[in-house]
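> Just so you know, the protein sequences line up as chains A and B, in that order.
Anchor point for the first sequence: position 7 equals 12 in the working numbering, and the numbering is continuous, going up by one each time.
Anchor point for the second sequence: position 174 equals 179 in the working numbering, and the numbering is continuous, going up by one each time.
I have a structure here, written as structure tokens, and I will follow up with some questions on it.
Number of protein chains: 2
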Amino acid sequence: MPDDDGLWKRSRRAVYAEITRVAMELFLDQGFEETTIDQIASTAGISRRSFFRYFGTKEDIVLGDLVDQGSLAREALEAIPLSVPPWQALQDALWQVDQRTDQAVMLEVAKMMYGTPSLRARSIEKHLRWQEQLVPNIRLRLGADPGDASDPAADAIVATAITCLDVAGQIWVRGDGKDDLKELYRRAVDSVRSPGT
Amino acid sequence: MPDDDGLWKRSRRAVYAEITRVAMELFLDQGFEETTIDQIASTAGISRRSFFRYFGTKEDIVLGDLVDQGSLAREALEAIPLSVPPWQALQDALWQVDQRTDQAVMLEVAKMMYGTPSLRARSIEKHLRWQEQLVPNIRLRLGADPGDASDPAADAIVATAITCLDVAGQIWVRGDGKDDLKELYRRAVDSVRSPGT
DNA sequence: TGCCCGTGTGGCACCGAGTGTCAATCAGGC
DNA sequence: GCCTGATTGACACTCGGTGCCACACGGGCA
């Protein structure tokens, strides 16, 4: 089923991958902001205009998957029995998503992300979109009144979980990838929820 | 002491205020993204080029104070005795900042902020700057080892507090300002720290 | 009063991101 | 071999933002 739907879609996927490859190489080599779209396009052998038919913005090259990963997280979350309490369920769902690619590359990309304001902003924006996807399920787990739109509980819990993931990433980058990301996340959540503060 | 340091600075402040006034009127009237900088400049009676000598970006007209408010929050936090535990101290410090302007205007601005991606992104970016300012003091309150850069506790707590403020604002806007913002914040933090989840 | 200096100002050219339009191209079905 | 529809490249345009330069104006000084 995956990749035999005609030459069109296949070549489109190929171009897509090629742009990503070329762009990432340029980004890591000379920096995100220093790389212009014209440069990416000409290096990838397409026109400037065509580039924008594959990616809406330059940031999307780096963060394109993030929104889809939100859907993955939602599916993962919905697959976890409702008897599992919110925090544990969120932790399981988020981990299922975040760990896939090569650690070394991931560190480089993360460094770039945390060091480039426009990228950081977009990534946070996309993480916010996760919130919408995950909140309904957490409401169920909380047994909250689904009609009460002014109950901040589920939103707060989801947003905090995502924030902890972000903080963990920050510390991870700061420590040059020496710490374990999962462990950092666990400690972040623990310290937020620790009663002794 | 405030405003008698010569004609230059006084007139500069006047122009600054005038731009803000004019721009806000246009924003609330026809939307943020639909308002162009040329329009703001010509309405305020200055050149396009001069506009950029007062504001680095269009977003800064709306969010200009936010970074300064971070410093205010830091000062407020540092004025609270170290014996007060982190969460309470953060709550007090953040409240001292956020409640000042007219509620009706604030609601309009908040609606615009949560409804305009680029504004939302920038506001998050600026809130991140708050983090850097508040973390050191929270580390003190936690009695954390100041040399241990890989301890995520203080960062997580500060980030979560700010996130809860953000979530509260979101719900507040969603409910058209009917709820009490402070109350929403309190409930957000409570639900995050509630042990029964 | 007349001069100089520093700062704010406007105008201009320029860059990069992103969009609308249109004609040419090319794969695939008939 | 031809028609159709999606893809492409080229061009022009908008908008946000920056660098540069010449000019005007306020304030201090002789």
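Where a beta carbon is used, it is the ideal one built from N, C-alpha and C, also for glycine.
Predicted, not measured: the structure shown is a model, and the values here were computed from it.
1) So that I know if they touch, is there some Cβ in chain B lying closer than 9 Å to that of V194/A?
2) Rounded to whole angstroms, how far is the Cβ of Q166/B from the Cβ of L95/B, which I believe are closer than 8 Å?
3) Buried or exposed: where does W13/A fall if 16 or more other Cβ atoms within 10 Å of its Cβ makes it buried?
4) Helix, strand or coil, according to DSSP, for E23/B in the structure here?
5) Determine the chain B residues that contact T165/A at a beta-carbon separation under 8 Å, and present them in chain order.
6) From this set, Q93/B, L68/B, I85/B, P141/B, which residue's C-alpha is nearest G201/A's C-alpha?
7) What would DSSP say about K187/A, mapped onto helix, strand or coil?
8) For the candidate residues L82/A, M117/A, W100/A, whose alpha-carbon lies nearest to that of V138/A?
9) On the three-state DSSP scale, how would you describe E83/A?
10) For chain A, check one thing: does any of its Cβ atoms lie closer than 9 Å to the Cβ of G61/B?
11) Mind listing the chain B neighbours of S155/A? Cutoff is C-beta to C-beta under 7 Å, in chain order.
12) Determine, using beta carbons only, whether W135/B and Q74/B come nearer to each other than 9 Å.
13) When the Cα of A78/A is compared with those of K63/A, I66/A, L99/A, which residue comes out closest?
14) Helix or strand or just coil, what does DSSP make of K131/B?
15) Using three-state DSSP, classify M6/A as helix, strand or coil.
16) Using a Cβ-Cβ cut-off of less than 8 Å, list which residues of the region 74 to 100 of chain B approach chain A; keep chain order.
17) Using beta-carbon positions only, say whether R146/B and V89/B come within less than 9 Å of one another.
18) Between the C-alpha atoms of L71/B and S76/A, what's the straight-line distance to the nearest angstrom?
19) Could you work out which residues of chain B lie near L147/A, taking near to mean beta carbons separated by less than 9 Å?
20) Just the chain A side, please: which residues come within less than 8 Å of P141/B by C-beta, in chain order?
21) Under 8 Å between beta-carbons, which chain A residues line up against I162/B? List them in chain order, please.
22) Does the beta carbon of V72/B come closer than 9 Å to any beta carbon on chain A?
23) Would you kindly report the start and end of the unbroken alpha helix (DSSP H) that includes S55/B?
24) Looking at R58/B and I42/B, is the spacing between their C-beta atoms short of 9 Å?
25) For a contact meaning CB atoms closer than 7 Å, what does L189/B contact in chain A?
26) For the region 17 to 33 of chain B against the region 110 to 124 of chain A, are there 3 or more C-beta pairs whose distance is under 8 Å?
27) Give a yes or no on whether the minimum CB-CB distance between I45/B and chain A is below 9 Å.
28) Within a Cβ cutoff of 7 Å, which residues of the same chain sit near D9/A, ignoring the five residues on either side of it in sequence?
29) Among I24/B, G182/B, A46/B, E39/B, which residue has its Cα nearest to the Cα of A154/A?
30) Would you list, in chain order, the members of the region 105 to 131 of chain B that have their beta-carbon closer than 8 Å to a beta-carbon of chain A?
31) Within 9 Å of any Cβ in chain A, is that where the Cβ of V67/B sits?
32) List, in chain order, every chain A residue whose beta-carbon is nearer than 7 Å to that of A173/B.
33) Keeping to the same chain, check which residues put their C-beta closer than 6 Å to that of T40/A; ignore five residues upstream and five downstream.
34) Using a Cβ-Cβ cut-off of 9 Å, state whether L31/A counts as contacting chain B.
35) Is the separation between the beta-carbon of A161/B and that of V140/A shorter than 9 Å?
Let's see:
1) yes
2) In the sequence as displayed, the identity of residue 166/B is Ala instead of Gln. Right, their Cβ atoms sit about 4 Å apart.
3) exposed
4) helix
5) T165, T168, C169, V197
6) Q93/B
7) helix
8) With the sequence shown as reference, residue 138/A is identified as Gln, and Val is not the correct amino acid for it. The candidate whose alpha carbon is nearest that of Q138/A is L82/A.
9) helix
10) no
11) I176, G180, D184
12) yes
13) L99/A
14) helix
15) The pLDDT assigned to M6/A is 38, lower than 50, so where the model puts this residue is not dependable, and the model offers no usable value.
16) P90, P91, W92
17) yes
18) 32 Å
19) S196, T202
20) The premise fails here: P141/B is roughly 15 Å from chain A at the closest Cβ pair, so nothing lies under 8 Å.
21) S196, V197, T202
22) no
23) 53 to 59
24) no
25) P157
26) no
27) no
28) Residue placement at D9/A cannot be trusted, given a pLDDT of 48 that sits under 50; what the coordinates show is reported in the next sentence. Excluding sequence neighbours, D9/A sits near nothing in its chain.
29) G182/B
30) P122, R125, A126, R127, I129, E130
31) no
32) P157
33) L31, F32
34) no
35) no
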